[in-house]
Amino acid sequence: MSESEPRMPTHLWVEAKIRELTGQGVAVYVVQKGERNDGTVLLKISNCQGKCVLLIQQRNLDGDLEWMNALNADVLDETEGDAYIKRSISRDPDQWVIEVEHQAMSNPFLEGEG
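Throughout the sequence shown, residue numbering follows the numbering used here, covering 14 to 127 in sequence.
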């Protein structure tokens, strides 16, 4: 999708993904509701053993949305991830923050995209 193409409002996309994941038995929580139409999404994927992955949805040079590591590390201690989330919300209160419990710490939001 290029930047000029219409984009689904963030709140509808998030709600659809949460419904889909909940139907698959994946625990998913909205930590912070952001701007309804154009808010960016920060995704925390926790393995429930004190480790997590932080991904942020950003546009690439072609205008397509991609998931990027929010920090340089692939896997973080949850305390470090939570501290980053707190700082990120203070900088961008329009950002959505979603938390997923996923043992493999893979991004379940990627499935079915496109």
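The C-beta atom is built at its ideal place from N, Cα and C for all residues, glycine as well.
Leaving out five residues before and five after Leu89 in sequence, what residues of the same chain have Cβ atoms less than 6 Å from its Cβ?
Cys65
Helix, strand or coil at Glu114 according to DSSP, with G and I counted as helix:
strand
Cα-Cα separation, Tyr42 to Leu74
30 Å
With DSSP as the reference, label Lys57 as helix, strand or coil.
strand
How would you call Leu25, buried or exposed, if buried means at least 16 neighbouring beta carbons within 10 angstroms?
exposed
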